[in-house]
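K.L.:
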Amino acid sequence: KDNSAVVAIGSRGQWQIINSTNYYRNYYGSTRESFNASAAFFLNINVGYIIGKDGNSEGRLRKTTDHGTTWTESTVSDQKLDAIYFLNTYNGWISANKKLYSTTDGSNSWSMKENSQLPGGINAIYFINNQRGLITSSNVVYRTTDGGNNWLGVGYAPSSLTEIKFKNEVEGYAIGSSGTMLHTIDGGNNWFSVNFPGYNDLISFGWSSNDNPYVSYVTGKLYRIQQRKVNLITPVMNAQIADGRQFKIT
Numbered sequence: 676k677d678n679s680a681v682v683a684i685g686s687r688g689q690w691q692i693i694n695s696t697n698y699y700r701n702y703y704g705s706t707r708e709s710f711n712a713s714a715a716f717f718l719n720i721n722v723g724y725i726i727g728k729d730g731n732s733e734g735r736l737r738k739t740t741d742h743g744t745t746w747t748e749s750t751v752s753d754q755k756l757d758a759i760y761f762l763n764t765y766n767g768w769i770s771a772n773k774k775l776y777s778t779t780d781g782s783n784s785w786s787m788k789e790n791s792q793l794p795g796g797i798n799a800i801y802f803i804n805n806q807r808g809l810i811t812s813s814n815v816v817y818r819t820t821d822g823g824n825n826w827l828g829v830g831y832a833p834s835s836l837t838e839i840k841f842k843n844e845v846e847g848y849a850i851g852s853s854g855t856m857l858h859t860i861d862g863g864n865n866w867f868s869v870n871f872p873g874y875n876d877l878i879s880f881g882w883s884s885n886d887n888p889y890v891s892y893v894t895g896k897l898y899r900i901q902q903r904k905v906n907l908i909t910p911v912m913n914a915q916i917a918d919g920r921q922f923k924i925t
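Here this note's numbering is used: the first residue of the sequence shown is 676, the next is one more, and so on.
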C-alpha cells in the first residue's frame, strides 16, 4: 500500500526492506532461522507486517512501527499464514489455508472465519472497505459484501490466481500462473480475461506514478498494460529485476 518502501521475500523465507530512495540497500533485516516469511504488507513508511510460520509451522505475524528497526511477534493461527491486507491502521485480514482472520484493533486480536466451500487456500486478499472485499482461491475470485461472512464467486480463470490489486474502488487486476490475468472496472462485480503474451507465471503487479499498470514476469521481464493490451517494455528506466520479483518504476 505504501510505495516508499519495498519488502523483498526470498524463496527460503528471508526478507529485506528496500527504501525507494536507495534501491539496493538502505534498510535491511533478517528473521531468525525459526521464522519463514511468506508475505509482507506496509501501510506507510513506518507501519508494516510480515507473515509466515515458525519452526513448529504455526502462523506467525511480525509487526513494526518504526520502519523495521524493531518488531513484535505474535501467533495468529496453527497453520502457516499465506496472505495479508490492511485497509487502515485498525482493520486488516490474514489468511491461513481456507481460514480468514480479521482484526479491528491493529492486529492486537483476531477473529476467524473458515470458508470450507472454497476450492483451495486463500492466495490473495483485497478489501475496498470494511464490508466489500475480494479474495482469490485456486482459479476463482470471490467477493463479499458483508465483511467476509459470505462469499460469491465472480471471476474465473484457467489457472491459479495468486495476487489481486486495485488502482481505486472500481478498477483492479488479478494475476497468477501460466500468464493468467483478469481485469475489472466495476469494483470486482464482473471480471474479464486479458490476453497475456506468454504462459509463464505472473508474480507482481503495480502502478507507476503516472498511473500506468505494470506486471512482472517470472523470467524477469516487465510489461506495461495499455488499453487492456499488454506490450513488452525493454528496458525500463532505473529498474532492476531479479527473477521478476522486484522492480522500481520512475
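Glycine included, every Cβ here is placed at the ideal spot set by N, Cα and C.
Since the model is a prediction, treat every value here as computed from it, not as a measurement.
I need the straight-line Cα distance from residue 753 to residue 732, nearest angstrom please.
P.N.:
7 angstroms
K.L.:
With a cut-off of 8 angstroms on the beta carbons, I'd call residue 779 and residue 765 a contact; round off their distance for me.
P.N.:
6 angstroms
K.L.:
Candidates 853, 897 and 715: which alpha carbon is nearest residue 735's?
P.N.:
Comparing alpha carbon positions, the residue from 853, 897 and 715 closest to residue 735 is 715.
K.L.:
Relative to the C-alpha of residue 775, which candidate in 823, 761, 713 and 841 has its C-alpha closest?
P.N.:
If we check each option's Cα against that of residue 775, 823 comes out closest.
K.L.:
Classify residue 854 as helix, strand or coil using the three-state DSSP reduction.
P.N.:
helix
K.L.:
Rounding to the nearest angstrom, what Cα-Cα distance links residue 889 and residue 755 in this structure?
P.N.:
29 angstroms
K.L.:
Of all the options 819, 812, 843 and 844, which has the alpha carbon lying nearest to the alpha carbon of residue 832?
P.N.:
812
K.L.:
Quick check on residue 887: buried or exposed, where buried means 16 or more other Cβ atoms within 10 Å of its Cβ?
P.N.:
Its Cβ having fewer than 16 others within 10 Å, residue 887 is exposed.
K.L.:
Residue 712 lies in the beta strand (DSSP E); which residues open and close that run?
P.N.:
If you look at residue 712, you'll find it in the beta strand (DSSP E) that goes 711–717.
K.L.:
Helix, strand or coil for residue 844 per DSSP?
P.N.:
coil
K.L.:
Please name the residue or residues paired with residue 789 in a DSSP beta bridge.
P.N.:
774
K.L.:
Going by the DSSP bridge assignment, what does residue 871 pair with across the sheet?
P.N.:
Under DSSP, residue 871 forms no beta bridge with any residue.
K.L.:
Between 872, 826 and 717, which has its C-alpha nearest residue 791's C-alpha?
P.N.:
826
K.L.:
Grab the span of the beta strand (DSSP E) containing residue 748 for me, first residue to last.
P.N.:
Counting along the chain, the unbroken beta strand (DSSP E) around residue 748 starts and ends at 747–752.
K.L.:
Do the CB positions of residue 809 and residue 839 come within less than 8 angstroms of each other?
P.N.:
Cβ atoms of residue 809 and residue 839: closer than 8 angstroms.
K.L.:
Spatial neighbours of residue 741 within its chain, please: CB distance less than 8 angstroms, with the 5 preceding and 5 following residues excluded, ordered by chain position.
P.N.:
721
K.L.:
Taking 8 angstroms as the cut-off, decide whether the C-beta atoms of residue 864 and residue 836 are in contact.
P.N.:
no
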